[in-house]
Each structure stands twice: as structure tokens, then as C-alpha cells.
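Note sheet for the following structure.
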Amino acid sequence: MSEKQGKANDTAKENEQEKNPWSHTICLPQTEFPMRGNLPQREPEIQKFWEENKVYKKILESRRKSGAPVFLLHDGPPYANGNFHTGHALNKILKDTINKYHTLQGKYVPYIPGWDCHGLPIELAVQKKLANKKDSSDKDPIIIRRESRAYATNFIKIQAKDQSRFGVFWDNSEVETLTPENQFNPSTFYYTMSPQYEASILKAFRDIYSKGHIYKGKKPVYWCPVTATAHAEAEIEYKEAVSPSIYVAFPASHKDLPQESFVVIWTTTPWTLPANLGVSFHPEFSYALYNTPAGHLLIAEGLEEKFFAATNLSFSAKESLSQEQISELTVQHPFLDRESKVLFGDHVTLEAGTGIVHTAPGHGMDDYKVGLDAGLEPYSPVDHYGRYTDEFPLMAGMKVKDANPKILELLQEKGRLIHSSEIRHQYPHSWRSHAPLIMRATPQWFFAMDGLRAEALREAGRTLWIPDWGENRFKAMIENRPDWCLSRQRHWGVPIPAFTCEKCGETHMSTHSLDHIISLVEQHGIEVWFDRAASELLPPGATCEKCGHNQFAKETDILDVWFDSGVSWYSVLKDRDDTPIPADVYLEGSDQHRGWFQSSLWPSLAIEGKAPFKRVITHGYILDEKGRAMSKSLGNGIEPNTDIIPKFGADILRLWVASEDYRTDNTIGMDKLSHLAESYRKIRNTFRYILGNLRDGKEVETLSSRDVTDKIDLYFLNELALLAEEITNAYEKYEFHMVYQKVLHFCTVTLSSQYFDIIRDRLYCDATPDASGSQTAEAARRRSSLSALKIISDALMVYLAPILSFTMEEIFQLTSNGKDSVFSQAWPNVSIWKNDSLAEEFESLWKLKDFANRQMEQLRKNDAIGSSTEAMVEISGQDLSTFSPDEIARAFVVSAVVRDSSLSPGILRVKKAEGEKCPRCWIHAPLTEKGLCPRCSSVVTI
RNA sequence: GGGCCUAUAGCUCAGUUGGUUAGAGCGCACCCCUGAUAAGGGUGAGGUCACUAGUUCGAAUCUAGUUAGGCCCA
2 MSEKQGKAND
12 TAKENEQEKN
22 PWSHTICLPQ
32 TEFPMRGNLP
42 QREPEIQKFW
52 EENKVYKKIL
62 ESRRKSGAPV
72 FLLHDGPPYA
82 NGNFHTGHAL
92 NKILKDTINK
102 YHTLQGKYVP
112 YIPGWDCHGL
122 PIELAVQKKL
132 ANKKDSSDKD
142 PIIIRRESRA
152 YATNFIKIQA
162 KDQSRFGVFW
172 DNSEVETLTP
182 ENQFNPSTFY
192 YTMSPQYEAS
202 ILKAFRDIYS
212 KGHIYKGKKP
222 VYWCPVTATA
232 HAEAEIEYKE
242 AVSPSIYVAF
252 PASHKDLPQE
262 SFVVIWTTTP
272 WTLPANLGVS
282 FHPEFSYALY
292 NTPAGHLLIA
302 EGLEEKFFAA
312 TNLSFSAKES
322 LSQEQISELT
332 VQHPFLDRES
342 KVLFGDHVTL
352 EAGTGIVHTA
362 PGHGMDDYKV
372 GLDAGLEPYS
382 PVDHYGRYTD
392 EFPLMAGMKV
402 KDANPKILEL
412 LQEKGRLIHS
422 SEIRHQYPHS
432 WRSHAPLIMR
442 ATPQWFFAMD
452 GLRAEALREA
462 GRTLWIPDWG
472 ENRFKAMIEN
482 RPDWCLSRQR
492 HWGVPIPAFT
502 CEKCGETHMS
512 THSLDHIISL
522 VEQHGIEVWF
532 DRAASELLPP
542 GATCEKCGHN
552 QFAKETDILD
562 VWFDSGVSWY
572 SVLKDRDDTP
582 IPADVYLEGS
592 DQHRGWFQSS
602 LWPSLAIEGK
612 APFKRVITHG
622 YILDEKGRAM
632 SKSLGNGIEP
642 NTDIIPKFGA
652 DILRLWVASE
662 DYRTDNTIGM
672 DKLSHLAESY
682 RKIRNTFRYI
692 LGNLRDGKEV
702 ETLSSRDVTD
712 KIDLYFLNEL
722 ALLAEEITNA
732 YEKYEFHMVY
742 QKVLHFCTVT
752 LSSQYFDIIR
762 DRLYCDATPD
772 ASGSQTAEAA
782 RRRSSLSALK
792 IISDALMVYL
802 APILSFTMEE
812 IFQLTSNGKD
822 SVFSQAWPNV
832 SIWKNDSLAE
842 EFESLWKLKD
852 FANRQMEQLR
862 KNDAIGSSTE
872 AMVEISGQDL
882 STFSPDEIAR
892 AFVVSAVVRD
902 SSLSPGILRV
912 KKAEGEKCPR
922 CWIHAPLTEK
932 GLCPRCSSVV
942 TI
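Those letters in the first sequence? Residues 2 to 943, per the working numbering, in order.
Rendered as C-alpha cells:
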């Protein structure tokens, strides 16, 4: 991949040779592998190599043919509405690292990345874009859907490029042909708006429906009475508004209570009182009955002062009520002939009001939830345009925004109004019409949880959670999650294919009708639902079960987008013959404990009766260098595409991913990346040194592992075996930061500082084999080290490939000269080099070397020596008895070691070396008539 | 406000069931080498284990609380 470095090096070398006449007789490192990675330029070439040679695809095919075991990491689809951020990079690189490790373990590892395409954020972005046009196309569902599809398609392609640039292994050839006009059913990736996927969303819905887990209920949503549409959270803006602030008395009776006793509530929405079905108390507050001119009033004691100040009332006596007494109260609606149920809930606070909350389950989320537990209906006698329905005959047809004064009058009349004033507060408004919103219960489709909850807990217990606390968090979430509301009152998504009888209003849905629609969607895509009339979507002869009528209207809600991605196991894995269910791994951010992991689990439980995953791995969030969340307003974000890859390259980003413990939150910043780049260079230079000595592999073509005979080489191969054990174990446990720690330590300390320093002399200066191939003992010593270096670099290259993919491929290409890839290699087994006794033998050697180094440092301070070869060491007769003095001298990188029986064991003495500096190898020794040391004299044959 | 998580040298991480002076790499300082050279080697300085109070003969490790930050809810 590179050839332009050679010349500068050559001239530099010629100059050196002039300085020292012996330089040309020694064997210096030579390599095409540059010291600096220059990754931003080089990586795209390597990516091109992978793509042009179809490396991923070929490995996959050969593994398929050989019947290799499958490892499946199922991709959670990112949302197709922007560039990839660092969080995406973390997620995708982690997945890729895992996949590559298992590929190198010889498995069949298909990676089918996905994209999530429907949903509100895209629809809102499209509407915003369309809003500038005056033709009100932003309100045309057909245009919205068309534009949304184009929008998502665009970002799929952008993110696909980002993903490939990160070095992620997948087949990206197919995605390039995707356009808004060319929507097809891909085999190398998935997207939730493909015709096949949209149809299988409906199939999954049908399967769950047919098993009885889907029902129609009511739930409050933010509703705009002006446009008669539901609003999502994102479409709400809070503005200051003036509302009535009233205290209302609900007649209460109990055997222990006097006549004229009242429960008092406070509300700012009097118009919701006709829908009142309950009064909520806090289960831990203390409540008391106060004797006042307005009657005996029950409020929370904690609000006594505030209440009497606000209402200008005073009390003559008070009496506490127990929680038990409260639960026995019978409470009447203030103006309707109806009981108001006593409820308890944590949503009751002492911040304002009376500590008792007016509860209308059809008009508020808290009210809905507490009502759900108590079995109350989400009652809301208000129509699409915010008018009371006939259910509240007194004011039927009146708009609720005009109703507040009327309700006040009514309360006054009945003597139920304790006090009335006004309040200025933040109130939700529509971002489109700017009108105040109301909450209103509408009919919606639900996925019932209760029938599956026990199974969900069982499956969660069977799943392996990384980190392990994920299990508790997940279980706590599924234990108390309410039924899943599947309906969304939006346009961009898969419709809920339900009908209403035009005559009697009965809902019409059956597996038969669902099957019919599914087959239409498979043929024509999802637009068929919107394009055709109800009669064209129903199977022939469909009639209303209730009244027998045959005219229907389509319902207009779409499915929650979480349902789309939640059935990816169904739509993607089930459809293929090479992807098992459950998948081995689901891996996403920890926010998905509530999101995708759950939306995947529930449908899978309903349809298959088991979880779609064996392991769930979560990573934390990415924070800036100060540990704060990245946000546009803080301006503290950094992006992979613009900030990281152009400056450092993808391998540095990958190294960052590997270096951090992803299970916690992680920080990133330019300083940190610069540090990582330093570590990268350490690793890179370690390889460079090996490659230089191996002459990019040419030097060792005739070598085999049998050539490793020297003790020192065997010792470092044992070190390699220990490392291999540790990092293989770390990969298996998905602890990549341990791989990083161990490998960096191995490169900088074990190899660079220890091993290379020791063998430098023999690599450079020992004899090379003569022309006939025969060799001296010294030549054999050199070959031993070269063979060991080859074994080390071959192994390390593969061990690091899942992390530093680009760099390891670069090295592999340089040394193999083939079309093959480093990723088609097998995980090297180096366990044969394990040697405990040798390791033990060397332990005392390193201890004494430390001792010698400290003494040498003293000599250096005194200007007695410079390099360690200017020193010699005297050791006791007993120390290191299994090593020869020469072996010890080489290991200490000093010129000589002499045994002195007068020294005590463990004590050594460092002195200036005797003899003269050999001009060839720089070791101090008595020189021969050639002017060289004995070893060099024998090597050089002039 | 609730549930869960995180906090060990400037940075990234170790620290097994509580047990001697809390470890490693990077970075930093100083020195050496100049045949890995925008490299390499040696030595060394850095920590009240976020804080507080407990349990214990003994706590980075166990308990409770506090602070800061994060995720999910409300």
C-alpha cells in the first residue's frame, strides 16, 4: 500500500555508513511500514481493499460452506435522521469488534445492520421543511409520507457511509442502489420502511392480535381543539397563561364524620370537573378535618397554613383522620349525582392545593394511571373540537374553553365553591395553532402486558446481562410498566389496519381482514392503505359483527415506531435461514432497557414465548471531557466525521472505544484522543521494529517455529502465551478495555523495553547464514530471535485486528503480499509456548536487572558511563546459577558479567566495563588484531 | 421527586471472599543513547481511594447519608 518512503532512508543510510566503516556489515531494520500512520489518508485505501476484494462477503461464504458455527449479533437500528454521533460510533465499533473477534474464532458471523425509518422526528423535520411553502403541503399526508421516505433514505445512505468509514465489516454494496424511488427488499441490511419489513410489521401485529394480546381502550393525549388533532410531546410549547384557581368542596360522609363534611380539592381546570371520577390522597400524608365557617373541611395537615391563607378562612377546631378512615370515606361529586372514588397515589404532593387531587382519568396522565389501577374508565365527555358531548347534558355542545365560568357559576349555585382566584402559570400550547391544548382520552390500541409479565420476568432471568445490574433495572421496568399504547395519531408510519362500522360505530378487526391487508401491502407497499377506500381494503363480503352493515371507515392511527423496531427479530431474523433466534447478542445504550430491549421482548414473548436475545450488553453515554452531557447549546460536542476521523483516523476512534470501559459513561475530547494517538504510536512502532528486523517478512521466509531454541526467546514466547490467554479471556467477556491495557503493556514494557533491547545486539551483529545456508551457533541464535519475532507479530496482529482493524490489515498486506485479509486468519493458538518453569527462572533475573539499572543510573549521574554497554556487572556465585555470565550480560544489556564469590547472594556491583569499545557492535571487550571484539571478528570475514 | 448507575494518581484502567508501605500503562520531570531517530533506553515524582458518619482489631472494599455527574421515569 505504500512504496514512496524508500529513498530518503537510503541516502540517510549512506551518510551513516561513511561515518562508521562497519555499519554496512550489520543487519539494520528495513521496512516499508512507515513510523507515522497517516491514518486519515491511508485508511480509505484499506477500506477500498476490503470492498474491492469483497473480504467480508468471501469470509462469510467460505464459513457458510464449511458449516462453521453461527454467531449472531442482531443490530438495533439507528434512527435515520442525522449523521452518526460519537454515541453511534461507540455502538457500531463495539458491535464490529465483537463480530470480528468471533469471525477470527472461525465462526459464521453475518452482520445485517438496520435503520429505523418511520416516526415523529422525521415527520416533524419534513413538516418543518414543507411549512415554508405556501401550498399547505405540510398538512397533506401523502406529501408528508413521500417526503419522509426520501428523508429517511437519504440518511440511511449517509449513515451507511459513516459506518463503513469506521471500519465496520458488512456488505455495503446493496445500500448504494437504494433511492426514494427504488425501495427494495435488501438481503445485506434492513430498513423498517422496506416493503417486506412494513408487511411483516403487520404480520407481527396480526400474530399478537390473534393470540389475544391486543385490545382497544382509551387513553388521554394532548389534543388541539382548533385543528382536532393529537399532539406529541415534541409538538408542545409551554407558554404563560392565566387560569382560574379554585378550591372545590366534595361532600364526604363517614360514620365518624359530622354532617356538612367536605373533601377539598384544588384545580386550575374547572372544565374537567364533569369528568371527575375520583379524589386522590397520598398514602403517607396526614390529613385533618377542620371546622370552618364553610363547613368541616378535609385537607392535608401539611398544607394547613397555605390553604387558610389562600382562602381567607379560619378554623375553630381540627381533628386528624387516619388513612384507614380516609379509605372508608364516601365522597360525592360536587354537582353531579355520582360518587367520586377515594384513591391513593404518589403523584399527590404538598407543593400546592390541599393534598387531595381532583382525578379525571380521561383528562390527565397521572389521573389516568391512578385510575387504571383503581379500575376507573378514562372518561372524557369532550369531542374532537373540544365541546362537551351529550354525556354532560347540562352544557352539551359548549366549548370547554368557554366552560370555566359556567362551571364556576354552577359550583357557586350548589355551594361547593370554597374560594376562587386566578393563577399565572406555564400551560401547554400547540406549536402549530398556538391554541391552548387540552388532555382528552381517545380510543387507542393497546398491547396487554399482564398476560406476559411472568414470562417476561422469567426470560429476563434467563438472559445474560452485561453489566449485570442491567437485569435488575430491566426487571424493575417490566414489573411496573403499564399496557403498551400502540396508537399514534400521526402520518409517517405503518397504519393500524382497523375499521369502524359506518352504521353502528363498532370496531372491525379480524385475522381474516388483517391477512387480506397484509397481502395487499406485500404487493403494493404501505401506501395502499392510504390510497384505497375501506371497501377496497377489506376482504370481499366483510360485514359488521354487531349490526351486519357492510360499509366501513378506515381508522387513521399508525403504530408506535417502537413496534417497528421491536419486531426486527421477526422481520429480519425469522425471514432468513442463516440467522438464529434468539440472537447471541443485542447491544445498545443503557437507555434501551426501556426502549428496544423491551419493545423486542414483548412481541417475541407473545409470538414465540421466549426472548429474542441470549445476551444483552449495554454501553453508557458519551460525555464531554468534563463529564457533562454533550449538547448543541453547550457547544461541547465532538463529531466523528468532522472532528475525529479527519484529524486522527478511525483506528484512533476504535482505540478509544477499546480503551474505555463502555459499561459506564465515557468521556471524549481532543486531549484524550491525542493521548490515545500516542498509545497508538507505541503499538505501531513496536510492529515497525519487528517488521524492520524481519525485513517485512523476507528475512524469515525459511524459518519455522523449530528455529526458536534460545532461552530468552522461549521466555518471551511464554509471555506471549500468557498475554494471549488474558486477552482471549477478555474478548470472551466483552471486556475490551482489558485487551487494550494488556496489549499496550506488552508492547511498551515486555517487548520494547525488555525483549527488543536484549536481542538488538544479536539481530544487528550476529552472523547471518552463509550462501550455502549453513550456520554458526551465533547465526542460529539470531534465527531463533527472528523466528520468535515472527510468531509474536503474527499473533499480535490477529489479536489486535478487531480493534485496530485498519492498521493490522496494513501490516498483514505488507507481510503477506496477497489478496487475503488479516480477517481470514485463524485466532493464533500460542499455548504451546507456555513454560512456567522458565518464567520462574527469569523472575530473579529481572529483579537483579532492576538492581543493576538503579546502580547504573548512579554511575550515569556521575558521568562515569553513558549507555549500559559501557558498564559491566559483578554478581555472586550463587545468583542466576542456571544462566551463563554471557546470557546474563546480554539480558542486562551490559558488556560483561563476572562472578565474584565474595559477593553475597542478591547483591551485585556495577562498574565501568573493561576493554575497549568494539567499533562494530559497541560492546566493550578486549579487541582482536582486526580491531573488533572476538564475536565481530568471527562474523566479519574480511 | 422516584428507580438504576458512576466516582481509585493529569488520562485510561487493575485492585479476587475487608488483611502489610493502594498497583499498571500512558503522560510528566530528570538523565542516557543517536544503528527503531518526529524513534528507543534508564531513573523518579504523582493518590486524604468524591465527602461524612458508622460496623470492625483492621475499610478503596461492608452499612447509612451527603455531593457531583449520567440514564430512565415522574
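All C-beta atoms in this analysis are idealised placements derived from N, C-alpha and C, irrespective of residue type, glycine included.
- The beta carbons of Ala789 and Thr777 sit about 19 Å from each other, so the pair does not count as a contact at 8 Å.
- Distance from the CA atom of Val898 to the CA atom of Thr808, rounded to whole angstroms, is 41 Å.
- Between the segment 677-686 and the segment 655-666 there are three or more C-beta pairs closer than 8 Å, enough to call the two in contact.
- The alpha carbon of Cys486 has as its nearest neighbour, out of Phe345, Gln445, Asn686, the alpha carbon of Gln445.
- Boundaries around Tyr690 are those of the alpha helix (DSSP H), 671-694, since no beta strand (DSSP E) includes it.
- The alpha-carbon of Pro935 is positioned some 23 Å away from that of Leu787.
- Linking Met739 to Cys748 through their CA atoms gives a straight-line distance of about 14 Å.
- Excluding its 5 nearest sequence neighbours in each direction, Gln184 has C-beta neighbours in its own chain below 8 Å: Arg150, Thr154, Met194, Ser195, Pro196, Gly526, listed in chain order.
- Here the alpha carbons of Tyr735 and Glu858 stand approximately 42 Å from one another.
- With a cutoff of 7 Å on beta-carbon distance, Val243 and Arg474 are scored as not near each other.
- In the structure shown, Tyr152 falls within a helical segment according to DSSP collapsed to helix, strand and coil.
- Taken in chain order, the whole alpha helix (DSSP H) runs of length 4 or more contained in the segment 45-118 are 56-66, 87-105.
- Listed in chain order, the non-local C-beta contacts of Gly494 below 7 Å within the same chain comprise His119, Gly120, Ile559, Leu560, Val562, local neighbours out to five positions each way being set aside.
- Around the beta-carbon of Val750, fewer than 16 other beta-carbon atoms lie within 10 Å, marking it exposed.
- Under the DSSP definition of a beta bridge, Thr508 partners with Thr501.
- Annotated as proximal: Val895 and Ser869, with beta-carbon spacing under 7 Å.
- For Pro829, same chain residues with a beta-carbon under 6 Å away, outside a window of 5 residues either side, are Ala796, Val799 in chain order.
- Assigned with DSSP and collapsed to three states, Ile908 falls in coil, not helix or strand.
- Non-local C-beta neighbours of Cys28 in its own chain, meaning closer than 7 Å and more than five positions away in sequence, comprise Leu764, Tyr765, Thr769, ordered along the chain.
- Straight through space, the alpha carbons of Gln742 and Glu875 are spaced by roughly 36 Å.
- Met631 is classed as buried because its beta carbon has at least 16 other beta carbons within 10 Å across all chains shown.
- For Asp391, same chain residues with a beta-carbon under 6 Å away, outside a window of 5 residues either side, are Ala397 in chain order.
- Residue state for Glu875 is assigned as strand, using DSSP reduced to three classes.
- Annotated as proximal: Ile357 and Val264, with beta-carbon spacing under 7 Å.
- Short of 6 Å from the beta carbon of Thr331, and not among the five residues preceding or following it, lie these beta carbons of its own chain, in chain order: Ser254.
- With contacts defined as CB atoms closer than 7 Å, Trp466 and Glu472 qualify as a contacting pair.
- Restricted to the segment 363-430, not a single beta strand (DSSP E) segment is unbroken, complete and at least 3 residues in length.
- Counting only residues of its own chain and dropping the five nearest sequence neighbours on each side, Ala161 has a CB closer than 7 Å to the CB of Asn173, Val176.
- If you look at Gln333, you'll find it in the beta strand (DSSP E) that goes 331-333.
- Straight-line spacing of the CA atoms in Gly650 and Lys683 works out to 16 Å.
- Excluding five sequence positions before and after Asp579, the CB atoms of its chain that fall closer than 8 Å to its own CB belong to Arg65, Val71, Tyr109, Pro111, given in chain order.
- Counting of Cβ neighbours within 10 angstroms places Gly416 among the exposed residues, the total staying below 16.
- Nearest to Leu258 by C-alpha distance, out of Ser323, Thr269, Glu52, is Ser323.
- In the structure shown, the three-state DSSP call for His594 is helix.
- At a Cβ-Cβ threshold of 7 Å, Ser806 and Gly83 do not count as neighbours.
- By the Cβ criterion, the segment 363-380 is in contact with the segment 342-352, since at least three pairs of Cβ atoms, one from each stretch, lie closer than 8 Å.
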